[in-house]
Every structure is written in C-alpha cells, then in structure tokens.
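Protein chains: 2
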Amino acid sequence: MALTGDLLIGGATRHGTAGDIHGLDAATGEKLEPAFGAAGPDDLEKACALAAEAFPIFRETDLEARAVFLETIAQNIMDIGDELVQRCVTETGLPQARVEGERGRTVGQLRLFAATVREGSFLEARIDPAMPDRKPMPRVDLRLRNVAVGPVAVFGASNFPLAFSVAGGDTASALAAGCPVVVKAHSAHPGTSELVGKAVQKAVKDCGLHEGVFSMLFGSGRVIGQGLVADPRIKAVGFTGSRSGGTALMATAAARSEPIPVYAEMSSINPVVLLGGALAARGEAIGKAFVGSLTMGAGQFCTNPGLILAIDGEGLESFVKGASAALGEAPAATMLTPGIHEAYCEGVKRLDGHSQVQKLAEGKVGEKFQGQAALFSTKAADFLANPELQEEVFGSTSLIVRCADEAELQKVLGSVEGQLTIALHMEEGDHDDARKLLPVLEEKAGRILVNGFGTGVEVAPAMVHGGPFPATSDGRSTSVGTLAIARFLRPVSYQDMPDALLPKALQEANPLNVPRRIDGKLG
Amino acid sequence: MALTGDLLIGGATRHGTAGDIHGLDAATGEKLEPAFGAAGPDDLEKACALAAEAFPIFRETDLEARAVFLETIAQNIMDIGDELVQRCVTETGLPQARVEGERGRTVGQLRLFAATVREGSFLEARIDPAMPDRKPMPRVDLRLRNVAVGPVAVFGASNFPLAFSVAGGDTASALAAGCPVVVKAHSAHPGTSELVGKAVQKAVKDCGLHEGVFSMLFGSGRVIGQGLVADPRIKAVGFTGSRSGGTALMATAAARSEPIPVYAEMSSINPVVLLGGALAARGEAIGKAFVGSLTMGAGQFCTNPGLILAIDGEGLESFVKGASAALGEAPAATMLTPGIHEAYCEGVKRLDGHSQVQKLAEGKVGEKFQGQAALFSTKAADFLANPELQEEVFGSTSLIVRCADEAELQKVLGSVEGQLTIALHMEEGDHDDARKLLPVLEEKAGRILVNGFGTGVEVAPAMVHGGPFPATSDGRSTSVGTLAIARFLRPVSYQDMPDALLPKALQEANPLNVPRRIDGKLG
Chain A
1 MALTGDLLIG
11 GATRHGTAGD
21 IHGLDAATGE
31 KLEPAFGAAG
41 PDDLEKACAL
51 AAEAFPIFRE
61 TDLEARAVFL
71 ETIAQNIMDI
81 GDELVQRCVT
91 ETGLPQARVE
101 GERGRTVGQL
111 RLFAATVREG
121 SFLEARIDPA
131 MPDRKPMPRV
141 DLRLRNVAVG
151 PVAVFGASNF
161 PLAFSVAGGD
171 TASALAAGCP
181 VVVKAHSAHP
191 GTSELVGKAV
201 QKAVKDCGLH
211 EGVFSMLFGS
221 GRVIGQGLVA
231 DPRIKAVGFT
241 GSRSGGTALM
251 ATAAARSEPI
261 PVYAEMSSIN
271 PVVLLGGALA
281 ARGEAIGKAF
291 VGSLTMGAGQ
301 FCTNPGLILA
311 IDGEGLESFV
321 KGASAALGEA
331 PAATMLTPGI
341 HEAYCEGVKR
351 LDGHSQVQKL
361 AEGKVGEKFQ
371 GQAALFSTKA
381 ADFLANPELQ
391 EEVFGSTSLI
401 VRCADEAELQ
411 KVLGSVEGQL
421 TIALHMEEGD
431 HDDARKLLPV
441 LEEKAGRILV
451 NGFGTGVEVA
461 PAMVHGGPFP
471 ATSDGRSTSV
481 GTLAIARFLR
491 PVSYQDMPDA
501 LLPKALQEAN
511 PLNVPRRIDG
521 KLG
Chain B
1 MALTGDLLIG
11 GATRHGTAGD
21 IHGLDAATGE
31 KLEPAFGAAG
41 PDDLEKACAL
51 AAEAFPIFRE
61 TDLEARAVFL
71 ETIAQNIMDI
81 GDELVQRCVT
91 ETGLPQARVE
101 GERGRTVGQL
111 RLFAATVREG
121 SFLEARIDPA
131 MPDRKPMPRV
141 DLRLRNVAVG
151 PVAVFGASNF
161 PLAFSVAGGD
171 TASALAAGCP
181 VVVKAHSAHP
191 GTSELVGKAV
201 QKAVKDCGLH
211 EGVFSMLFGS
221 GRVIGQGLVA
231 DPRIKAVGFT
241 GSRSGGTALM
251 ATAAARSEPI
261 PVYAEMSSIN
271 PVVLLGGALA
281 ARGEAIGKAF
291 VGSLTMGAGQ
301 FCTNPGLILA
311 IDGEGLESFV
321 KGASAALGEA
331 PAATMLTPGI
341 HEAYCEGVKR
351 LDGHSQVQKL
361 AEGKVGEKFQ
371 GQAALFSTKA
381 ADFLANPELQ
391 EEVFGSTSLI
401 VRCADEAELQ
411 KVLGSVEGQL
421 TIALHMEEGD
431 HDDARKLLPV
441 LEEKAGRILV
451 NGFGTGVEVA
461 PAMVHGGPFP
471 ATSDGRSTSV
481 GTLAIARFLR
491 PVSYQDMPDA
501 LLPKALQEAN
511 PLNVPRRIDG
521 KLG
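Chains as they are written, first to last, in full-length UniProt numbering: chain A, 1 to 523; chain B, 1 to 523.
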C-alpha cells in the first residue's frame with residue numbers, strides 16, 4: 001500500500017495543508033517520504049463534528065457488534081503484513097523482533113477488549129427493585145449502567161508506535177467503552193500511523209459503523225493537540241508522553257468551560273529496592289538482570305528502572321560488579337528520534353557533571369543516534385538534598401542511591417514522587433523488611449513487583465499501569481489492562497423507567513445476559 | 001451536652017482563635033450561642049498531620065472493624081437524641097420532621113456503607129494466576145486490589161446539615177474507603193456540626209482507632225477551605241455547594257504541584273419534560289404534584305425542579321392551572337440562612353424583571369426570612385437566546401419553557417448544561433417520543449426518572465447522584481449510594497508477591513472471603 005500522507009477524517013482522506021511533516025529514518029536522521037500534510041482548524045472541526053455525530057449511535061452498538069469491530073481492527077492490522085513492521089522499524093529504530101512483538105501485543109489488546117465488551121461487567125449493571133410497600137416511603141425502581149463519556153482524543157506515543165498509538169491501548173479501551181476516537185498521530189512515526197489508521201478506518205467501514213467513529217490527524221501538539229483537548233465535543237483525553245506535554249494538556253482541559261478528564265501517563269523512574277538477603281544471595285546476578293531491563297528498547301519504556309535503592313555494603317558492591325560487567329557488554333541502540341536522543345545525551349551529561357554523582361559504568365559507544373547506556377551512583381543524603389536527581393532521564397540510564405541504613409532507605413522512598421512501578425528484590429529472610437516498606441510502596445506506585453523489573457507490562461485484568469502524579473495525571477486509573485475501559489465510562493441511573501424504554505442491559509429479562517448486581521448483590 | 005464552640009483536632013478539642021463564628025436562628029436571624037472559634041493555619045496543619053499519620057494504619061483496618069466504626073458513628077449520632085434535632089431546626093429553619101428524616105437518612109447511609117465494606121466488592125480484587133509455561137513468555141502472577149487514596153477534605157453542605165455535612169455521604173464513603181477525613185464544617189450550622197463531630201470523635205475513641213482518622217474545623221472558605229484543598233497531605237475533596245465555591249476548589253486542586261480529584265456537587269436545574277400524552281391525561285394533577293416537589297424544604301434541594309419543558313398547548317395549560325392553584329396555597333418557608341434567602345429573592349427578581357419572562361403564579365407571602373415560591377414562563381426561542389435563564393435559582397422557583405414542537409424541545413434539551421436529574425412525565429402513548437429523547441437525556445444527566453421528580457434521592461446501590469459538569473465536577477462519579485465509595489479508591493497491582501506479604505484480600509486462601517475476579521471471571 002503506497003503511503004499518501006493524508007489525514008483520515010471519518011471515511012474520507014484529505015491531504016492536510018497546514019505544513020508538511022516527515023518521518024525520519026531513526027538510524028540516519030534522513031527524511032522519509034511521503035510528506036504528511038498537517039491538519040488545520042477545519043480538519044479538526046470536521047473530525048470532531050463527525051465524532052459527535054457518531055457518538056449517540058456508536059455508544060449503543062450491540063456488544064457483539066462492538067466486539068467484532070475491535071477484532072476486525074486487529075485483523076486488518078495483521079493484514080497489512082510486513083510493510084507495517086518495516087516502516088515501523090525504519091521510523092523508530094526499534095528492532096524488528098520488538099516491533100513484531102509490539103504488533104502482537106496491540107492486536108492481543110484489541111481482542112482482550114473485545115472479550116471484555118462481550119462479558120459485559122464493564123457496564124456495572126445494578127438493579128434495585130421497587131419496594132412499593134416500604135415504610136415510611138415506598139422505594140422506587142432504580143437501575144444503573146455505565147455509558148460512554150463521549151468522543152475521546154487519543155495522542156499517539158513516541159515509544160510505543162503500535163501498542164500506545166493509533167490503535168493502541170487508549171484507542172482500544174475508548175472504542176470498547178463506546179467512545180468515538182480522534183487520534184493525533186505522533187509525528188515521529190507518521191507512516192506507521194497512516195498504515196494503522198487506514199486499518200481502523202477500513203474496519204469502521206467493514207463493520208458498517210458511522211464514519212465518525214474514528215479520525216486521525218497529523219499536526220503540531222500546540223495547534224492540533226491543544227485544539228483537540230479544548231474542543232467542546234471531546235469529553236476525555238488519553239495521552240502517553242512527557243511530563244511537560246501531559247501537564248500542558250491537563251491545564252487546557254481544566255480551563256475549559258466544561259473541564260474534562262485527562263488520562264496522561266507521563267513520568268516515572270520506577271525505583272528498584274534491593275534488600276539485604278537478595279543482595280547477599282545473588283547480587284551479581286540481579287545486577288546482570290537489571291542491565292537487561294535497563295537497556296531493553298534503548299531504555300525507552302515508561303517502566304524503565306531509573307533508580308536503584310539499597311543499603312550500602314558488600315551485597316550492593318556485588319550488584320554493581322554484575323551490572324557494570326553486563327553494561328560494558330551492552331551495545332548502544334538507536335533511539336526513537338534524534339530529539340529523544342539529544343535529550344537523553346543531555347540528561348546523561350547532567351548526571352555525569354553533577355558534583356554528588358559518580359559514574360560507575362557505561363555501555364558501548366554507538367552510532368550517531370544511538371544511546372549509550374550508563375550507571376551512576378550517589379549517596380542517599382545527596383539524593384535527598386538534590387531533588388533534580390529524581391528527574392526522569394528517558395533512556396537506558398539509572399542511578400544507584402546508597403543508603404546508610406533502613407531508616408534512610410525509608411526516607412528516600414518517602415521522598416520520591418508517584419511511580420508506575422516499584423520493584424523489590426528479596427529472599428525469604430527479607431520478608432520482615434519488605435513488610436515495613438509495603439505501605440509506602442502502595443502509596444507511591446500503581447504496581448509493586450517482586451524479583452523482577454517493571455519493563456514487560458502484561459495486558460491482563462489485574463494489571464495497573466498507572467500511579468500517583470506525576471506517573472499519571474490520575475492515579476485512580478490504569479492505561480493497560482481491561483480496567484482501562486473504566487476511564488471512558490460514567491454511570492447513569494434510571495428511575496421507574498418502563499421496561500420497554502430501558503437499555504437492554506437493564507431490562508428485566510436481561511437479554512444481553514450481562515452480570516448484574518441485584519439489590520447490591522452480585523447475581 | 002453543652003456546646004463549646006471548639007475545633008475537634010484528632011482526639012483533642014481546642015478553641016480556635018482566628019475569629020468567632022456564630023450560628024443564626026434561621027427564622028429570626030438572631031445570633032445563637034456559643035461562639036465557635038475559627039481555625040487558623042496551625043489548626044489546619046495539626047489536623048492534616050494527624051490525618052496523614054492515621055492514614056497507613058486506618059486504610060488497613062479489618063473490614064469488620066471499619067464497618068463497626070461506621071455503625072458506631074451512626075449509633076452515637078442517634079444517642080445525641082433530641083438536642084441534635086432541636087439545634088438543627090433552629091440553625092436551619094427546616095421543619096422537625098424533615099430534620100428527623102434526614103437524621104434517619106444519615107445513619108442509614110453510614111450503615112449501608114458498613115454493609116458495603118463487609119461485602120468487599122469495593123476492593124475490586126482481581127487475580128491473574130501465573131502461567132509459567134506460556135509461550136513465548138511466561139505469565140507473571142498479578143493481583144489487584146483497591147486502596148484508599150489518602151486523607152480526604154470534606155466540606156459540609158448548607159442544605160443537608162446532617163446527610164451531607166460532618167458525618168454525611170462524603171464522610172461516610174471516604175471513611176468506608178479507608179480514608180481519614182478532615183471536615184470543614186459549614187458556618188450555617190456550627191452547633192449541629194459540633195454535636196455530630198463529637199459523635200464521630202467519640203466513635204474513633206470507642207473503636208480504638210488512631211485519633212487522626214477524624215478532625216473537624218470551623219473557619220472561612222477562603223482560608224481554611226482553600227488551605228485544606230492546597231495541603232499536600234490531602235488527596236481528594238468532597239464538596240456540596242455553589243458553582244462558584246466548587247469551581248474555586250477545582251482550580252486550587254488543579255494548581256497543586258500534585259493535582260488531586262475534587263468531587264464537587266454544584267449546580268443543577270433538573271429539567272422536567274412533560275410529554276403530550278401525560279399532559280392530556282393528567283396535566284392538572286402533574287402540576288399539583290410538581291408544586292409539592294418544588295416547595296419541599298423551601299426548594300433547597302440540588303434536585304429541585306427548576307425547569308419545565310413541554311410543547312405549548314392545552315395540555316400544558318392544564319398543568320399550569322394545576323400548578324398555579326397549588327402554588328397559591330403553598331406557604332412560604334424559612335430558608336437556611338439569611339444569605340441564601342437574599343440570593344433567592346434576587347434570583348426571583350431577576351426572572352421577574354426579565355423582558356422575555358412572564359410570572360404565572362406565586363406562593364404565599366411569608367415572614368422575614370421565608371422564601372415565596374414562584375412559577376415563571378418563557379418561550380423556547382427566548383430561552384435559547386438568553387443563556388442566563390439557565391442559571392440555578394436556589395429555592396422554590398421554576399421556569400416553564402414553552403416549545404413550539406418536538407424539534408424545539410430537542411433543541412432546548414440539547415442546550416442545557418449537565419444535570420443531576422432529568423424527569424420525564426409520560427403515558428404509554430408517549431413511549432416513541434420518549435425514546436427519541438433518551439440519548440440526549442443520558443448525555444446530560446446522571447439520573448433519568450419517569451413520572452416523578454428528582455427530589456427524594458434514594459440511598460441505594462443503583463443511585464447516581466452526579467452528572468456532567470456543572471452538575472458535578474466529575475460526571476464519572478456519584479456522591480449518593482454505595483458507588484460513592486469508588487471516588488476515594490485507587491487500584492494497586494501486585495506482581496509475583498509472596499502470599500505472606502500480599503494483602504489479605506489477595507491471599508490465595510481469601511481469608512476475607514471477598515468477591516474476586518479470577519482470570520477476568522467473577523468467582
């Protein structure tokens with residue numbers, strides 16, 4: 001399929017006229033063809049108008065039809081075949097195996113949401129039957145279900161060109177909820193976006209849905225991104241990206257005459273706590289495994305382990321030894337964009353030049369746009385005194401914080417901002433220490449994991465990929481896993497509504513056969 | 001019990017020194033004794049520090065212990081006896097029967113949340129067992145539960161001195177979730193607040209909980225209210241009050257270095273749609289019933305019917321006839337505060353003086369601080385052209401909007417802001433018309449009710465007392481009913497955590513016996 005560089009506005013394609021956007025070959029920095037036409041205000045207007053038009057129809061699609069739609073998107077993405085993988089590899093510099101894996105994750109995610117839609121628990125159907133004889137007042141008949149919030153703006157992420165972009169987790173969960181989606185494609189992988197966008201557009205047509213269910217725009221964050229969030233027809237936002245980008249969208253959403261929720265997944269350094277027993281038993285091995293997680297995907301994961309906490313001593317030295325040796329062998333890897341590479345180099349330089357930070361080890365030097373992994377160390381007291389050491393360096397760099405004792409370790413944990421993940425490495429003898437840490441870990445992170453690293457986020461019902469600010473804008477939510485659908489729903493209650501007018505999920509005969517809570521009890 | 005006018009800070013009492021606050025006799029405007037000492041920054045600091053200290057302990061209380069605590073609060077409130085009712089009647093001007101009813105609702109609410117806590121579904125426990133043999137990658141063991149978000153600031157409401165104040169719905173649901181609560185008592189009923197506050201404080205002691213679980217402050221909204229929302233230890237806010245008050249808190253919360261959710265229930269005019277068949281069959285009777293809802297509690301309900309929509313004609317005239325006759329007999333009623341009374345009179349005057357609005361009927365003239373009910377009428381075209389006619393007039397005034405036809409009725413509904421409730425009056429012959437309206441009603445309101453009025457909010461699992469902005473700040477939530485607990489929870493996921501370290505709700509043996517979703521399926 002030849003790329004056209006067109007915007008996808010409902011069922012139509014149109015070449016944007018507000019400037020040209022080019023993908024770049026991540027490895028060389030060279031411009032890729034074709035030029036993608038940036039959207040202007042008219043394109044934004046049209047996409048939002050279509051989404052608003054589609055909304056009342058799409059949100060009431062049969063669950064089965066909606067599930068089939070999600071599965072059709074998945075199939076259409078697979079049907080693009082190798083062209084998608086190749087374009088994505090070129091635009092992002094990610095290895096082919098990673099891109100193929102991410103494609104599998106993306107279509108798996110769509111299929112998981114299809115299953116979630118069919119199962120129907122997300123509707124949260126509740127029925128409190130009338131009690132006409134209750135004293136002193138009769139009780140009315142009350143029935144509750146979730147409805148979709150409205151059209152959703154989704155921002156493609158640079159670091160997940162498939163799984164968190166055009167048809168990624170935000171789009172999949174919003175569509176599953178019954179919300180039309182307007183995507184702002186990430187300018188770092190426009191060709192990948194066009195291919196996937198057309199697969200979604202085709203699925204809308206294949207399934208006979210209203211064309212406004214999906215649109216995709218190229219354009220600048222300042223104009224099209226902010227414009228989308230400000231548009232009164234948009235009712236929620238899904239975003240994965242930088243802290244500055246996410247907080248800018250939060251500010252715009254809060255300043256609307258009708259404020260809307262922004263689900264921004266932004267900034268996390270994912271502390272890894274190494275307990276004494278684990279360090280004594282296998283410090284060197286943990287160090288080696290850590291480098292595997294640190295350098296995976298050039299460290300460009302939201303869950304990259306950017307902070308290591310441990311009590312100083314022999315055990316930590318064996319970890320450093322293992323990590324340093326592994327790092328010395330770690331090849332440099334092409335980063336997603338020249339801009340990300342530059343920011344990474346600056347971040348490393350800042351750490352390297354910090355008077356309270358020592359460099360422990362480095363990975364291999366690489367080509368022009370490749371990131372060189374690095375491991376630094378500082379003392380807990382210095383970490384506490386220098387809040388800038390908490391700032392995320394996006395890439396494969398990590399900082400060891402050497403604590404004098406358990407109290408200092410607690411203090412450092414208490415000082416870190418909200419996180420997506422915190423990992424604990426432990427042996428059975430460490431359980432008492434771990435137990436003391438758990439309360440603060442639960443307050444700080446959305447996911448706590450044992451003897452592993454945060455990279456590798458399972459798409460599953462019990463996953464939380466979210467966490468207190470600034471890990472996400474809204475720590476009550478997850479952007480990965482089936483619970484992500486809850487972000488795009490709101491409850492509506494029906495009182496004394498005749499059965500014939502009730503939505504199917506709440507009709508007496510339960511024609512959709514969805515789980516329902518009757519009088520507070522699960523049926 | 002003699003009132004002291006003291007702040008309740010944890011287990012202690014202290015007389016605030018930042019100025020005096022007096023309750024007023026609502027009927028006469030006379031100052032009531034004693035003086036209540038307003039809190040200063042030190043009191044705020046102490047209350048928040050205690051709440052933060054209590055949080056990690058309180059959020060992990062046994063479900064049974066937490067349920068007993070809620071029931072103890074309920075019992076302690078009942079044990080105050082008639083003193084509470086009398087003081088509340090004096091401070092609010094509400095009739096004794098209403099205050100007694102509201103007390104019943106308040107303790108019923110606490111007991112319902114106790115049952116909700118015991119049942120355990122609110123924990124949303126999910127378990128995805130490990131699959132060590134899965135290809136290409138083994139699956140980790142993942143378990144999810146909800147945890148409390150942290151200390152919550154609750155603002156007492158003027159119009160529900162018991163059910164939405166010191167131990168009202170926000171406090172009950174926050175405590176049920178495991179969040180310590182710092183209440184800013186409403187200055188309109190400080191004596192009622194002290195009595196209830198001491199009942200809660202005593203329950204904390206009776207149950208042997210950390211004293212920081214509950215504090216109550218008197219003070220100004222600008223200093224103590226905004227100060228609470230800005231305090232970094234406060235993690236969520238519950239508020240019922242004016243649109244200006246709610247949006248001011250939202251702005252403060254959004255401007256924090258760690259933004260937090262504000263659940264503000266603010267402004268709703270609760271449209272009532274009268275369909276043709278219903279008007280033809282019983283227009284006059286609906287008019288009479290409407291006046292009952294309109295004048296209940298001097299119209300001081302969030303769900304008061306402030307807007308009537310119908311297609312102009314004979315049927316509507318019979319409604320007007322019934323309503324006018326009933327209104328003529330409606331006695332004036334003392335309003336909650338002189339300030340609310342003054343704002344009501346101004347609102348009525350604004351409508352009365354509006355060139356596109358006609359006065360149809362009035363209630364009886366009353367005493368000094370009593371509100372006189374009123375019914376106005378305007379044409380749909382004028383309503384659409386004058387957005388100020390949508391502004392809530394808090395009290396027993398309503399505006400009939402006469403529509404030329406179905407299309408105009410749809411247009412008016414499309415133009416109204418988010419609402420708590422929308423009511424439909426209909427006969428079977430109106431079903432087709434109702435079906436066409438339902439999509440817009442679902443987009444505009446949290447509760448849709450048939451052949452009734454929004455006043456009288458059942459506290460039940462299927463209740464939604466919330467709605468799109470500006471009805472509430474967050475239309476994804478409800479402040480009444482068991483689902484209100486969800487506002488104060490966030491999910492945490494545990495990966496490969498040894499059973500001995502898992503929270504009880506997620507341990508293999510399910511010692512709490514809570515409902516759990518295993519591999520996505522309800523157990």
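For glycine and all other residues, C-beta sits at the position ideal for the given N, C-alpha and C. For clarity, every value in this text was computed on a predicted model and none was experimentally measured.
Chain A contact for residue i (CB, 9 angstroms cutoff)
i	result
Leu144/B	yes
His431/B	yes
Pro201/B	Just to set this straight, residue 201/B is Gln in the shown sequence, not Pro. False, the Cβ-Cβ gap to chain A never drops below 9 angstroms.
Tyr494/B	yes
Phe160/B	no
Val149/B	yes
Leu94/B	no
Met296/B	no
Asp231/B	no
Any C-beta of chain B under 9 angstroms from that of residue i
i	result
residue 529/A	Since the displayed chain A opens at 1 and closes at 523, residue 529/A lies outside it and no answer follows.
Ile448/A	yes
Ile127/A	yes
Thr72/A	no
Gly452/A	yes
Met497/A	yes
Asp170/A	no
Ser121/A	yes
Gly418/A	yes
Arg243/A	no
Nearest residue (CA-CA) to residue i, options the options
i	options	result
Lys288/A	Leu316/A, Asn270/A, Ile269/A	Leu316/A
Pro491/A	Ala130/A, Leu142/A, Val68/A, Asn159/A	Leu142/A
Leu502/A	Thr192/B, His431/B, Asp382/B, Thr247/B	His431/B
Ile448/B	Asp82/A, Glu428/A, Arg145/A	Arg145/A
Gly221/A	Glu367/A, Ile21/A, Phe58/A, Lys368/A	Ile21/A
Ser318/B	Leu336/B, Ala332/B, Glu284/B	Glu284/B
Lys198/A	Val166/A, Asp170/A, His186/A	Val166/A
Leu366/B	Gln358/B, Ala381/B, Ala12/B, Ala333/B	First, the residue type needs correcting, since residue 366/B is Gly and not Leu in the sequence shown. Nearest C-alpha to Gly366/B: Ala333/B.
residue 538/A	Gln86/A, Val273/A, Gly16/A	Nothing about residue 538/A can be read from this structure; chain A reaches only from 1 to 523.
Ile77/B	Gly219/B, Asp128/B, Glu427/B, Thr106/B	Thr106/B
Leu94/B	Val152/B, Gly371/B, Asn513/B	Gly371/B
Ser242/B	Ala163/B, Ala361/B, Glu346/B, Phe394/B	Phe394/B
Per-residue DSSP class, three states only, for residue i
i	result
Gly456/B	coil
Ala39/A	coil
Asp128/B	strand
Val464/B	coil
residue 593/A	Beyond the ends of chain A as shown, which are 1 and 523, falls residue 593/A; an answer cannot be given.
Gln86/A	helix
Cβ-Cβ separation, residue j to residue i (assumed contact under 8 angstroms), whole Å
i	j	result
residue 526/B	Ser396/B	Outside the shown range of chain B, which is 1 to 523, sits residue 526/B, and nothing can be said about it.
Phe113/A	Ala176/A	4 angstroms
beta-carbon residue i near the ligand ZN non-hydrogen atom, thresh 8 angstroms
i	result
His186/B	Summarising the ligand content, the structure contains no ligands, and the ligand ZN is consequently not present.
Check: Can you give, in chain order, each stretch of the beta strand (DSSP E) that sits fully within the region 330–373 of chain B and has at least 3 residues?
Finding: 357–362
Checklist line | Segments of 3+ residues assigned as beta strand (DSSP E) that fall wholly inside the region 386–429 of chain B | finding: 397–403, 419–425
Next item on the list: Entirely within the region 256–312 of chain A and at least 4 residues each: give me those alpha helix (DSSP H) ranges in chain order.
Entry: Taking 4 residues as the shortest admissible run, the region 256–312 of chain A contains the following complete alpha helix (DSSP H) segments, listed from N- to C-terminal end: 276–295.
Notebook entry, point to check: At which residue ranges does the region 172–204 of chain B contain complete beta strand (DSSP E) runs of 3 or more residues, listed in the order of the chain?
Noted result: 181–184
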